[in-house]
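Residue numbers (the numbering used here): 151 to 296.
Even glycine gets a Cβ: it sits at the ideal position worked out from N, Cα and C.
Note that the structure is a prediction, hence the values are computed from the model and not measured.
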Amino acid sequence: MEAPFLVFESYSACPPPRVRNGKNAVVRLEAMEKRIRALALSFPEAYEDRPWGDFPVFKVGDNKVFGWAVLEDGAVHVTVKLTSEERDIAHLLPYVRTASYVGRYGWITATVTDDESLEAALEWLRESYWLKCPAELKATVEGEDR
């Protein structure tokens, strides 16, 4: 008589069922928003204001807005100003649209939902800061880099 053939399934082949609590996505969005805020406030003379409600507006110098971030609809919507060349490239991405109300002045909104869109939004936030910061601040920062 043949010995019985035993089959052992590995843990990875049969993972336990996932229990979704509905909170992980919110935590991830809040972490992305914190990263955006931290970068924005790390720039020289940058500060946060809330003139339009519950979302942060990032400013530099004499009340110059260089971006804002709104957490809603399962995403962080980051609005920044870009040069026309950067805007043209940004609009090729599926998560970028012309910003409401200020789009005609060169502003775009990126819908941040994952690492790719977050990294792009962070880079654009740097560019927007540079476009909006006062000339004297640019000169100071450029002098420090040398």
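Query	Result
Leaving out five residues before and five after valine 220 in sequence, what residues of the same chain have Cβ atoms less than 6 angstroms from its Cβ?	Phe205, His227
Just how far apart, CA to CA, sit proline 201 and lysine 209?	11 angstroms
What does a CB cutoff of less than 8 angstroms around glutamate 198 pick up in its chain, not counting 5 residues either side in sequence?	Arg187, Ala190, Leu191, Pro206, Val207, Phe208, Lys209
Report the partner residues of isoleucine 186 according to the DSSP bridge assignment.	Bridge partners of isoleucine 186: none, in fact.
Closest to alanine 285 by CA distance: which of Pro194, Leu275, Arg178 is it?	Pro194
Please state the DSSP three-state secondary structure of valine 177.	helix
Suppose you measure from the CA of valine 177 to the CA of leucine 275; what does that come to, to the nearest Å?	22 angstroms
Hey, could you find the ends of the alpha helix (DSSP H) tryptophan 280 is sitting in?	265 to 282
Can the beta-carbon of valine 230 be found closer than 8 angstroms to that of glycine 211?	no
Where does isoleucine 239 land, buried or exposed, given buried means 16+ other C-beta within 10 angstroms?	exposed
Please name the residue in Glu183, Glu180, Glu236 whose C-alpha comes closest to that of glutamate 277.	Glu236
Cutting at 6 angstroms between CB atoms, please list the residues of its own chain near glutamate 269, excluding the five before and the five after it.	none
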